[in-house]
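A.B. asks: Below are the structure tokens for one structure; questions will follow.
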Amino acid sequence: MRNLMETAAMRQLRVLLVDDHEGFLNAAQRQLRNLPWVSVVGRALNGLEAVRMTEQLTPDAVLMDLAMPEMGGLQATRLIKAQDKPPFVVIASHFDDPQHREHAASAGADGFVSKMFYVQEVVPILEKLAGESHV
Amino acid sequence: MSEARVLVLDADAERAGRTAELLDFIDYRPQVLADAAELPLDRHTPRDWAAVVLGKVPDARAWQRVLDWLKQDPLHPPVLGMPEHHLEGAEKFGLNAAQFWPLDYPIKYPLLSELLRRASIKRLDEEARVVATPGGPTGRSPGIERLRRLIAQVAPFDTTVLILGESGSGKEVAARAIHDASPRRGKPFVAMNCGAIPGELLESELFGHEKGAFTGAITARRGRFEMADGGTLFLDEIGDMSMPMQVKLLRVLQERCFERVGGNQTIRCNVRVIAATHRNLEENIQKGAFREDLFYRLNVFPLEMPPLRERLADLPELVEELTRTLEKGGRGKVRFTPEAIAALSRYRWPGNVRELSNLIERLAVLNPSGQVRIADLPVRYRIDADGDAGVAPAAVGAPTPGAPAAASLPPAPSAPPAPRLDELPPEGLDLKEHMARIETALIKAALERANNVVAHAAQLLGLRRTTLVEKLRKYGLGRGDDGGMDEVA
Chain A
1 MRNLMETAAM
11 RQLRVLLVDD
21 HEGFLNAAQR
31 QLRNLPWVSV
41 VGRALNGLEA
51 VRMTEQLTPD
61 AVLMDLAMPE
71 MGGLQATRLI
81 KAQDKPPFVV
91 IASHFDDPQH
101 REHAASAGAD
111 GFVSKMFYVQ
121 EVVPILEKLA
131 GESHV
Chain B
1001 MSEARVLVLD
1011 ADAERAGRTA
1021 ELLDFIDYRP
1031 QVLADAAELP
1041 LDRHTPRDWA
1051 AVVLGKVPDA
1061 RAWQRVLDWL
1071 KQDPLHPPVL
1081 GMPEHHLEGA
1091 EKFGLNAAQF
1101 WPLDYPIKYP
1111 LLSELLRRAS
1121 IKRLDEEARV
1131 VATPGGPTGR
1141 SPGIERLRRL
1151 IAQVAPFDTT
1161 VLILGESGSG
1171 KEVAARAIHD
1181 ASPRRGKPFV
1191 AMNCGAIPGE
1201 LLESELFGHE
1211 KGAFTGAITA
1221 RRGRFEMADG
1231 GTLFLDEIGD
1241 MSMPMQVKLL
1251 RVLQERCFER
1261 VGGNQTIRCN
1271 VRVIAATHRN
1281 LEENIQKGAF
1291 REDLFYRLNV
1301 FPLEMPPLRE
1311 RLADLPELVE
1321 ELTRTLEKGG
1331 RGKVRFTPEA
1341 IAALSRYRWP
1351 GNVRELSNLI
1361 ERLAVLNPSG
1371 QVRIADLPVR
1381 YRIDADGDAG
1391 VAPAAVGAPT
1401 PGAPAAASLP
1411 PAPSAPPAPR
1421 LDELPPEGLD
1431 LKEHMARIET
1441 ALIKAALERA
1451 NNVVAHAAQL
1461 LGLRRTTLVE
1471 KLRKYGLGRG
1481 DDGGMDEVA
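So the sequence lines, in the order shown, correspond to chains A and B.
When we follow my numbering, the leftmost residue of the first sequence carries the number 1, and every step to the right adds one.
When we follow my numbering, the leftmost residue of the second sequence carries the number 1001, and every step to the right adds one.
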């Protein structure tokens, strides 16, 4: 548990959530609400929306589902990484295995979490990101 | 396109319902139809679904129609056949082992999950394969010509090769080129990203495992060394391998044999190894993070992959090649104006060819009209002839030498109203100056609203604080040095 001093030193992290399951988005948002240094600035339901919203909102991090209709998480990651000042991208996959991790890495994702342990795996990644000093 | 939808064609309503429930539970979205005839083919493409579950078929002709429609796309999703199709299904439908998988009923969750996992990997592998550029590194720059000569030199032999190069510079392309020019070309080329795979899984991924080797090892599984047998194994990001794994790898390279995790049968290894890294291995050796003996074993034939900025002469050809491959992979069409290509040729490309590929793909998807001019490029790529990115102010405040005369407009505290953003006056305008005026006005407004706290103003503008500080400096908006503005750390 972070103490108040540590929390104050962490910069506010602006996060975009992307998933085609609204239920999953709601649950994720509820969990992240417990973290005062995280601010969910938007939600997208597919990769194309994610690309557009990332450009508009310029979040610090994008937490993105791998499998989505219209455009999946991997293509969206590649496109997002081509915009100006691209955010940190974490792929959330139903399947956590070497092959899926390799594909996520190939697309340029900065992190990978399994959907089964989403919050447990995502929070340390976000903590590290928020705690990093930005020059 | 990664898909989360599964099509269920089953006239057995109860079974279809149970299947849908299970799919829902696993986070997939079932689309259930009793009869294939109900599927509107004009509103779908075969790849809309991760898999097609085939149950009771009330109308064989309707199913045949859907099947033929699916097969038009060689990368269509696999058909998971219910028990009544197990015996003859594959043959009757003209599907091979990669396209037709038997499904037991009652469906066991682990089996269904495993089939969907494999379907997902199959789809991802196929999509990646389509955009892999064949024919080796592109271009005629001195660096690439030299690379080609070295590849030709080393390919015929089983010599281990170590490819050094920045991230995204095309190390895998070079590795494939070596494989394709070698006597092993007809055999598998297996790649592994040692940096992407968690340490505890690396060993079993590389060497395979026997049944029961660890919790969850319900069957024996071949590792990548075995899958590459007779061919080439490409170990990317070798610098990320843990020390214990390095020891094991060294042994395999020396003795040409290994055992699966949890196994004691020695397996002979007939594989040509190519390794790659963006790290400085010699530095890592000093730091005690990489073994010197493994380094010497791998570094028999080092190959350097030049970064894109050192081979900018290749850029036009690369753009052409990448555009063609993306189009072939169904990822969109795009054409660049000569000015846009010129601008790209002035950029430094820290992300190398992968960054270029991502940019082209982004433009192809977001610019459906297909034409890319300089203005269509993201700001950081719009390098003008002076080498300034994005909105390079012609002159704001102090005129810079060589700047067009019309542009030395001192910014008023409250800027004069600019023409509407999308309006081009009949006489045209100086775009740089116009953009500079807009940007300055907005920055000033943000500073005002933020009580001159730079960090808050940056947030209002969606910028990093340091970016705003740069712009303030560039436009000469800082009120002097230290005591000028309040800055929140």
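Where a beta carbon is used, it is the ideal one built from N, C-alpha and C, also for glycine.
Cβ of Ala67/A within 9 Å of Cβ of Ala1020/B?
C.D. replies: Here residue 67/A is taken as the residue at index 67 of the first sequence, counted from 1. Here residue 1020/B is taken as the residue at index 20 of the second sequence, counted from 1. Cβ distance not < 9 Å, so Ala67/A and Ala1020/B don't count as in contact.
A.B. asks: How far does the alpha helix (DSSP H) with Val41/A in it extend, from its first residue to its last?
C.D. replies: Counting from one through the first sequence, the residue named residue 41/A turns up at place 41. Unbroken run through Val41/A is the beta strand (DSSP E), 38-44; no alpha helix (DSSP H).
A.B. asks: With 9 Å as the threshold, decide whether the Cβ of Ala1013/B is near any Cβ in chain A.
C.D. replies: As a position in the second sequence, residue 1013/B is number 13, starting the count at 1. Chain A, which has no Cβ nearer than 9 Å to the Cβ of Ala1013/B, makes this no.
A.B. asks: Could you tell me the alpha carbon to alpha carbon distance between Ser1182/B and Pro1074/B, rounded to whole angstroms?
C.D. replies: Counting from one through the second sequence, the residue named residue 1182/B turns up at place 182. Counting from one through the second sequence, the residue named residue 1074/B turns up at place 74. If I take the Cα positions, the gap works out to 29 Å.
A.B. asks: Which residues of the segment 27-49 of chain A have a Cβ closer than 7 Å to any Cβ of chain B? Give them in chain order.
C.D. replies: Listed in sequence order: no entries.
A.B. asks: Determine, using beta carbons only, whether Ala1343/B and Arg1382/B come nearer to each other than 9 Å.
C.D. replies: The sequence position of residue 1343/B within the second sequence is 343, counting from 1. The sequence position of residue 1382/B within the second sequence is 382, counting from 1. Yes.
A.B. asks: Nearest chain B C-beta to Pro98/A closer than 9 Å, yes or no?
C.D. replies: Indexing the first sequence from 1 puts residue 98/A at position 98. With 9 Å as the cut-off, Pro98/A counts as an interface residue toward chain B.
A.B. asks: Considering only residues of the same chain and omitting the five flanking positions on each side of Gly1168/B, which have a CB-CB separation below 7 Å?
C.D. replies: Reading the second sequence from its first residue, position 168 is the one you call residue 1168/B. Once the five neighbours on either side are set aside, the close Cβ partners of Gly1168/B are Gly1351, Asn1352, Val1353, Arg1354, Glu1355.
A.B. asks: Any beta carbon from chain A within less than 9 Å of Leu1366/B's own beta carbon?
C.D. replies: Translated into positions along the second sequence, residue 1366/B becomes position 366. For Leu1366/B, the answer is yes, since a Cβ of chain A falls inside 9 Å of its Cβ.
A.B. asks: Looking at the structure shown, is Met1245/B part of a helix, part of a strand, or coil, going by DSSP?
C.D. replies: In the second sequence, counting from the first residue as 1, residue 1245/B sits at position 245. In the structure shown, Met1245/B sits in a helix (DSSP, three-state: H, G or I).
A.B. asks: Distance check for Pro1077/B and Val1006/B, CA to CA, integer angstroms please.
C.D. replies: Stepping through the second sequence from its first residue, residue 1006/B is reached at position 6. Stepping through the second sequence from its first residue, residue 1077/B is reached at position 77. Taking the straight line from one Cα to the other gives about 9 Å.
A.B. asks: Which residue from Met64/A, Glu132/A, Gln29/A, Ser93/A puts its Cα closest to that of Leu45/A?
C.D. replies: As a working note, residue 45/A is residue 45 in the first sequence. Answer by Cα proximity: Met64/A.
A.B. asks: Mind checking if Asp1042/B is an interface residue toward chain A, Cβ cutoff 9 Å exclusive?
C.D. replies: On the second sequence, residue 1042/B is found 42 positions in, with the first residue counted as 1. With 9 Å as the cut-off, Asp1042/B does not count as an interface residue toward chain A.
A.B. asks: Counting along the chain, where does the beta strand (DSSP E) carrying Phe1189/B start and finish?
C.D. replies: Translated into positions along the second sequence, residue 1189/B becomes position 189. Where Phe1189/B is concerned, the enclosing beta strand (DSSP E) stretches over 1189-1193.
A.B. asks: Mapping the DSSP letters down to three states, classify Met16/A as helix, strand or coil.
C.D. replies: The residue you call residue 16/A lines up with position 16 of the first sequence. Checking the displayed sequence, the identity of residue 16/A turns out to be Leu instead of Met. Leu16/A falls in the strand class under three-state DSSP.
A.B. asks: Determine, using beta carbons only, whether Pro1134/B comes closer than 9 Å to chain A.
C.D. replies: Translated into the one-based positions of the second sequence, residue 1134/B becomes position 134. So, not an interface residue.
A.B. asks: Of the residues Lys1092/B, Ala1034/B, Leu1067/B, Asp1035/B, which one's Cα is nearest the Cα of Arg1047/B?
C.D. replies: Position 47 of the second sequence, counting from 1, holds the residue named residue 1047/B. That would be Leu1067/B, whose Cα lies nearest to the Cα of Arg1047/B.
A.B. asks: According to DSSP, what are the bridge partners of Trp1101/B?
C.D. replies: Walking along the second sequence from the start, residue 1101/B turns up at place 101. Note: Trp1101/B sits in a beta bridge opposite Leu1080/B.
A.B. asks: Rounded to the nearest angstrom, how far is the Cβ of Leu1303/B from that of Ile1144/B, given a contact under 8 Å?
C.D. replies: By 1-based counting over the second sequence, the position of residue 1303/B is 303. By 1-based counting over the second sequence, the position of residue 1144/B is 144. At roughly 12 Å, the Cβ-Cβ gap does not stay under 8 Å, so Leu1303/B and Ile1144/B are not in contact.
A.B. asks: Pull up the distance between the alpha-carbon of Lys1211/B and that of Phe1100/B, whole angstroms please.
C.D. replies: Residue 1211/B sits at position 211 when you count from the first residue of the second sequence. Residue 1100/B sits at position 100 when you count from the first residue of the second sequence. Looking at the two C-alpha atoms, the distance is approximately 26 Å.
A.B. asks: What are the partner residues of Val1006/B, as DSSP defines its beta bridges?
C.D. replies: Here residue 1006/B is taken as the residue at index 6 of the second sequence, counted from 1. Beta-bridge pairing links Val1006/B to Pro1030/B, Ala1051/B.
A.B. asks: Examine chain A for any beta-carbon lying closer than 9 Å to the beta-carbon of Ser1242/B, and answer yes or no.
C.D. replies: On the second sequence, position 242 is the one that residue 1242/B refers to. No, because no Cβ of chain A sits closer than 9 Å to the Cβ of Ser1242/B.
A.B. asks: Mind pulling the chain A residues with CB within less than 9 Å of Asn1193/B?
C.D. replies: Locating residue 1193/B in the second sequence gives position 193, where the first residue counts as 1. Near Asn1193/B (Cβ distances below 9 Å), the residues of chain A are Pro98, Arg101, Glu102, Ala105, Ser106.
A.B. asks: Are the CB atoms of Arg1272/B and Asp1240/B nearer to each other than 9 Å?
C.D. replies: Stepping through the second sequence from its first residue, residue 1272/B is reached at position 272. Stepping through the second sequence from its first residue, residue 1240/B is reached at position 240. Contact flag unset, no.
A.B. asks: Within 9 Å of any Cβ in chain B, is that where the Cβ of Arg69/A sits?
C.D. replies: Locating residue 69/A in the first sequence gives position 69, counting from the first residue. Checking the sequence shown, residue 69/A turns out to be Pro, not Arg. Answer yes: the Cβ-Cβ gap between Pro69/A and chain B drops below 9 Å somewhere.
A.B. asks: His134/A CB to nearest chain B CB: under 9 Å?
C.D. replies: Here residue 134/A corresponds to residue number 134 of the first sequence, with the count starting at 1. The predicted model places His134/A with a pLDDT of 44, which falls under 50 and marks its position as unreliable; any figure quoted below should be read in that light. Closer than 9 Å to some Cβ of chain B, the Cβ of His134/A qualifies, so yes.
A.B. asks: Look up Ala1395/B in the DSSP assignment and say whether it is helix, strand or coil.
C.D. replies: Residue mapping note: residue 1395/B aligns to position 395 of the second sequence, counting from 1. Residue placement at Ala1395/B is poorly supported in this model, since its pLDDT is 31, which falls under 50; the coordinates are not used for a value here.
A.B. asks: DSSP has Gln56/A in a bridge; who is on the other side?
C.D. replies: Within the first sequence, residue 56/A is the residue found at index 56, counting from 1. None; Gln56/A has no bridge partner.
A.B. asks: Pick from Gly73/A, Leu57/A, Gln83/A: whose alpha carbon is nearest that of Leu1366/B?
C.D. replies: Mapped onto the second sequence, residue 1366/B falls at position 366. Among Gly73/A, Leu57/A, Gln83/A, the Cα nearest to that of Leu1366/B belongs to Gln83/A.
A.B. asks: Residues of chain A with CB closer than 8 Å to the CB of Leu1359/B, please, in chain order.
C.D. replies: Within the second sequence, residue 1359/B is the residue found at index 359, counting from 1. The answer, in chain order, is Ala82.
A.B. asks: Could you tell me whether any Cβ in chain B is nearer than 9 Å to the Cβ of Gly72/A?
C.D. replies: The count along the first sequence starts at 1 and reaches residue 72/A at position 72. Yes - at least one Cβ of chain B is within 9 Å of the one on Gly72/A.
A.B. asks: For Phe1301/B, write down the residues that DSSP places opposite it in a beta bridge.
C.D. replies: As a working mapping, residue 1301/B is identified with position 301 in the second sequence. DSSP lists Val1161/B as partners of Phe1301/B.
A.B. asks: What residues from chain B crowd round Thr54/A, counting only those whose CB sits closer than 8 Å?
C.D. replies: Position 54 of the first sequence, counting from 1, holds the residue named residue 54/A. Correct list: empty, because the minimum Cβ distance to chain B is about 11 Å.
A.B. asks: What's the C-alpha gap between Tyr1475/B and Thr1440/B?
C.D. replies: Start at 1 with the first residue of the second sequence, and residue 1475/B comes out as number 475. Start at 1 with the first residue of the second sequence, and residue 1440/B comes out as number 440. Their Cα atoms are separated by approximately 8 Å.
A.B. asks: I'd like to know if Val1319/B contacts chain A, where contact means its C-beta is closer than 9 Å to some C-beta of that chain.
C.D. replies: The residue labelled residue 1319/B in the question sits at position 319 within the second sequence. Output row for Val1319/B: interface = no.
A.B. asks: Taking DSSP as the reference, what is the three-state secondary structure of Ala1376/B?
C.D. replies: Counting from one through the second sequence, the residue named residue 1376/B turns up at place 376. For clarity, residue 1376/B is Asp in the given sequence; the question names Ala instead. Asp1376/B: helix per DSSP, three-state reduction.
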